[in-house]
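Novice: After the structure tokens below, expect a handful of questions from me.
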């Protein structure tokens, strides 16, 4: 899947590179270690590079783009890109944030939390409505944004284009989540923490 | 790595015969400890002078202590996420949850000890309970005023530092005096090498003078004569924050310049003194490594001020420019995916290493349901639920209690009616109190909310009132307004999320409301309005109706944060539900490195502060579940 660069979409594109780099570096380190002791076989445990044999090899995919539908809604963390299958369309949607005002001392118990949502690779009908993004704070209090913050996005996500928009609420500090329910039922939820210290 | 470490190979202490010697010395130490405490009041570990590094390598602890022969430990400490937000499947797409527990043992009931950050870091390395300024992350970097009042006849005190003056006074300082010992002093005395790595340490600040170029990561060389407001916050080029690094907060560390040299304190990604450099050989790897990611990579900031490592790496110590600035667990994953494999590739890890990844505290400390973001259909969102959810199960002085040990500076003091007067380890955050109670100190708490006017929509056809502002904690509030029946209250609120936000869905049906509403009740019976309703006033909550109010409940503390331990003595993918906390971790490190030989501590077994509390145990065969000899 081709995933565009930009705000909130590094998770889909970056980690593969990171893993590759780490693997290459570790392999190189192992080779260099072996070369330095070519006259007699080195114990792998004595050199930097190869992972210990008792460590299980990770077969669990990480950092993948997960697929969500109303029948199979998905949870993620802020920064995750989710491939959302709606009743009449699909899109890649990423949430990041919240951004908060600069640090002040003492940090107040509530703060203005601004979230950035990006959608891309859209096909079909994907409505964009502020009310579909429900915010929940750490003790279950709901907030329903009535409007977008800043520039208003189109009512429908444009095919093939990437757009970003924001929602903003005053929220208590601590854990929270934002839930997207574009067809009237939740499709994706991202967890976040509101920090202002 | 400098010559000091090269010439003194680091490792844990000897096992076998030395273990037997330890037991003898421990008994002697116990007697000496009691004598020292009774005579001088000086913490006994502090009585051990700092010695040069021992010239010989030590083996790890023996299994007779219930611990495997661990030789090297790396602690990576992240920030402000409850267990439910990290290890329960909510976070189901991450290296932290998917990969790390599959390599080792996940401690499902490992607790922080306070709120906010700094008190947790202090308790981890010294066993000291929270102080007021610790709880507030140290508004001014300056000396604490007070004294250690260790008293061998007082089983509660546990070598705690007592601040001078009236209890619970803010701006009392944050740097402990030289007679408050730390794990690092104990390691020094035991000739065990240690090092603190901090990401961005020493970087130039983009927003003014550097805050962190001082001794051991502190903002100044001398907090006694040169107090510094705001010890440091993250900016674009320097996201290191001192409150997440335990070293600058103790005179027992910073008064000895050698403790702050490059053999002991370094920028994590330094090419000459950093982690990757030191991991290349056993001889250059400290026996104990403390790793503090910066305020982005530790998951603290939701949007990072600077590089979040999303751009990949040019080489192991040089990150590329980021492709985004997303923080939180996204950023900590980027950090962990880079650093953990580096450690695992090191010869020191392969020869008896232990990696421990944990968080300082939950934020908030509690959850209601086993999932931070779903209100439970059975557990009400009340302060009682939160206190129960934070029931750390601590065993203090032989008693199981539902709070973290608070120490003498933040006592769980009550009046004759049982009203909680002091905030405790959680600084009263997330709890509402009655400020009319004589002697109450509110701390970070709140008060019951006042009246609120909501725009709503309702009609005679139904008792359900559409109200986008309705929240679960509104239940029970009085409702007044045009066409609202007398005596009406907020009944059930329908916007509580349901099964659709659980992992893998499980269906949604009509439980998945996306608009807020509440049922208009009169005497507990749904009562439709007598005409159209467009606006209502929800009455002010009282101490009787506010679900977040408690006069008698202890403030929640650090909360369950979980911990992952990876070593060849941990069964991959295993879990352990024994209750542990940061004091247990300190006790474990003291046992792993057998510091009791040279630092008998409060109990003669090498434990300081609350790590010496009766009933507390270190990690054992339940955690190191592939170590057959570790069964207690």
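Protein chains in written order, with this note's numbering: chain R, 183 to 379; chain A, 1433 to 2064. Just so you know, even glycine gets a beta-carbon here, dropped at the ideal spot from N, CA and C. Since the model is a prediction, treat every value here as computed from it, not as a measurement.
Can you confirm whether the segment 1978–1988 of chain A touches the segment 1888–1895 of chain A when touching is taken to mean that 3 or more C-beta pairs between the two stretches lie within less than 8 Å?
Specialist: no
Novice: Determine the burial state of residue 334 of chain R: buried for a count of at least 16 other Cβ atoms within 10 Å of its Cβ, exposed for fewer.
Specialist: exposed
Novice: Using a Cβ distance threshold of 8 Å, determine whether the segment 1979–1998 of chain A contacts the segment 1497–1505 of chain A, with at least three qualifying pairs required.
Specialist: no
Novice: Please look up how many angstroms separate the CB atoms of residue 1853 of chain A and residue 1872 of chain A, rounded, as I've assumed it's under 8 Å.
Specialist: 6 Å
Novice: Counting beta carbon pairs with one atom in the segment 1618–1627 of chain A and one in the segment 2018–2027 of chain A, are three or more of them shorter than 8 Å?
Specialist: yes
Novice: Taking Cβ positions, are residue 2040 of chain A and residue 2048 of chain A nearer each other than 8 Å?
Specialist: no
Novice: With a cut-off of 8 Å, does the C-beta of residue 1701 of chain A fall near any C-beta of chain R?
Specialist: No, residue 1701 of chain A does not count as interfacial toward chain R.
Novice: Which residue marks the beginning of the alpha helix (DSSP H) containing residue 1552 of chain A, and which one marks its end?
Specialist: 1550–1558
Novice: Please report the distance separating the alpha-carbon of residue 283 of chain R from that of residue 295 of chain R.
Specialist: 8 Å
Novice: Exposed or buried, residue 285 of chain R, counting other C-beta atoms within 10 Å across all chains shown (16 or more means buried)?
Specialist: exposed
Novice: Give every residue of the same chain whose Cβ lies closer than 8 Å to the Cβ of residue 1898 of chain A, excluding the five residues on either side of it in the sequence, and list them in chain order.
Specialist: 1888, 1889, 1890, 1947, 1948 and 1949
Novice: With 16 other CB atoms within 10 Å as the buried threshold, where does residue 1922 of chain A fall?
Specialist: Buried: at least 16 other Cβ atoms inside 10 Å.
Novice: Report the option in A/1679, A/1647, A/1642 and A/1634 whose CA atom is closest to the CA atom of residue 1701 of chain A.
Specialist: A/1634
Novice: Give every residue of the same chain whose Cβ lies closer than 6 Å to the Cβ of residue 1663 of chain A, excluding the five residues on either side of it in the sequence, and list them in chain order.
Specialist: 1570, 1573, 1651 and 1674
Novice: Considering only C-alpha positions, which residue in the set A/1837, A/1710 and A/1752 is nearest to residue 1777 of chain A?
Specialist: A/1710
Novice: Using 8 Å as the threshold, is the C-beta distance between residue 332 of chain R and residue 348 of chain R below it?
Specialist: Taking 8 Å as the cut-off, the Cβ atoms of residue 332 of chain R and residue 348 of chain R count as close.
Novice: Under DSSP, the alpha helix (DSSP H) around residue 1708 of chain A begins and ends at which residues?
Specialist: 1707–1710
Novice: Suppose only complete runs of 4+ residues qualify. What are the alpha helix (DSSP H) ranges in the segment 1625–1706 of chain A, listed by chain order?
Specialist: Runs of the alpha helix (DSSP H) inside the segment 1625–1706 of chain A: 1683–1686.
Novice: Please report how far the alpha carbon of residue 1793 of chain A lies from the alpha carbon of residue 1549 of chain A, in whole angstroms.
Specialist: 7 Å
Novice: Can you pull the chain A neighbours of residue 374 of chain R, defined as C-beta to C-beta under 8 Å?
Specialist: 1734 and 1760
Novice: Determine the extent of the beta strand (DSSP E) in which residue 1970 of chain A is found, giving its start and end residues.
Specialist: 1965–1970
Novice: To the nearest angstrom, how far is the alpha carbon of residue 2021 of chain A from that of residue 1785 of chain A?
Specialist: 13 Å
Novice: So within the segment 2001–2026 of chain A, which uninterrupted alpha helix (DSSP H) runs reach at least 4 residues, ignoring any that extend past its ends?
Specialist: Qualifying alpha helix (DSSP H) stretches, in chain order: 2014–2024.
Novice: Would DSSP call residue 1608 of chain A helix, strand or coil?
Specialist: strand
Novice: What residue range does the beta strand (DSSP E) around residue 272 of chain R cover?
Specialist: 271–281
Novice: Output yes or no for whether 8 Å exceeds the beta carbon distance between residue 1607 of chain A and residue 1681 of chain A.
Specialist: yes
Novice: Can you pull out the residues from the segment 1559–1571 of chain A whose beta carbon lies closer than 9 Å to at least one beta carbon of chain R?
Specialist: 1568, 1569 and 1571
Novice: Applying the 10 Å Cβ sphere with the 16-neighbour rule, what's the burial state of residue 1779 of chain A?
Specialist: The residue is buried, with at least 16 neighbouring Cβ atoms inside 10 Å.
Novice: Kindly say whether residue 302 of chain R, judged by its beta-carbon, lies nearer than 8 Å to any beta-carbon of chain A.
Specialist: With 8 Å as the cut-off, residue 302 of chain R does not count as an interface residue toward chain A.
Novice: Assuming residue 1630 of chain A and residue 1738 of chain A make a contact with CB atoms under 8 Å, what is their CB distance in whole Å?
Specialist: Wrong, their Cβ atoms sit about 14 Å apart, outside the cutoff.
Novice: Starting from the N-terminal side, write out each stretch of the beta strand (DSSP E) that is 3 residues or longer and does not extend beyond the segment 1858–1911 of chain A.
Specialist: 1884–1890 and 1896–1898
Novice: What residue does the beta strand (DSSP E) around residue 1995 of chain A start on, and which one ends it?
Specialist: 1995–1998
Novice: Along chain R, which residues have their Cβ under 8 Å away from the Cβ of residue 1548 of chain A?
Specialist: 379
Novice: Classify residue 1916 of chain A as helix, strand or coil using the three-state DSSP reduction.
Specialist: coil
Novice: Is the Cβ-Cβ distance between residue 1613 of chain A and residue 1665 of chain A less than 8 Å?
Specialist: no
Novice: Roughly how far, in whole angstroms, is the beta-carbon of residue 1791 of chain A from the beta-carbon of residue 1511 of chain A, given that I think they are within contact range, below 8 Å?
Specialist: Sure, about 6 Å apart at Cβ, within 8 Å.
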